[in-house]
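Q: Could you have a look at this structure, given as structure tokens, before my questions?
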Amino acid sequence: MVCSNASVSHKLKLLVIGKSKKPRSFKGTRAENLPVHYFNKKKGWIDQQIFKEWFEKKCIPEVKEHLRSKNLPRKTILLIGNAPSQPGENVLRSESGQIFAS
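Quick note: the sequence shown uses this note's numbering, first residue 23, plus one each step.
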């Protein structure tokens, strides 16, 4: 999954979902050192749990850091479709409520 701001001046790391918890191609590499956010699921498809975890643990911190580094207000809206893999709008919200999905 890809995610960026409207001007594409800030791109979040790519979200990649594979079937293996530790793919052989990652041998000797820690997941946090990869240039992508890697998650695993038996079928290799995104689901609500992965989407929510990505939003809370990856998207929000990256967006906050970008806004801080640019001295921008900490208000962001993530525009998403209505796929079954995406949790409802009320679930995808930062603790402060300033970053949310719609």
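Glycine included, each C-beta is placed from N, C-alpha and C at the ideal position.
Which same chain residues, not among the five before or five after C25, have their C-beta less than 6 Å away from its C-beta?
A: Reading the sequence shown from its first residue, position 3 is the one you call residue 25. Excluding sequence neighbours, C25 sits near L34.
Q: Quick check on DSSP: helix, strand or coil for S31?
A: For the purposes of this step, residue 31 is identified with residue 9 of the sequence shown, where counting begins at 1. Correct three-state label for S31: coil.
Q: Taking the alpha carbon of K63 as the point to measure from, which residue in F73, L56, S91 has its own alpha carbon closest?
A: Walking along the sequence shown from the start, residue 63 turns up at place 41. For the residues F73, L56, S91, the minimum Cα distance to K63 belongs to F73.
Q: How would you write the range of the alpha helix (DSSP H) that L100 sits in, first residue to last?
A: Along the sequence shown, one-based indexing puts residue 100 at 78. Taken as a continuous stretch (DSSP letters only), L100 belongs to no alpha helix (DSSP H), being part of the beta strand (DSSP E) at 98-100.
Q: When the Cα atoms are used, what is the spatial distance from A53 to H59?
A: Stepping through the sequence shown from its first residue, residue 53 is reached at position 31. Stepping through the sequence shown from its first residue, residue 59 is reached at position 37. A53 and H59: Cα-Cα distance of roughly 8 Å.
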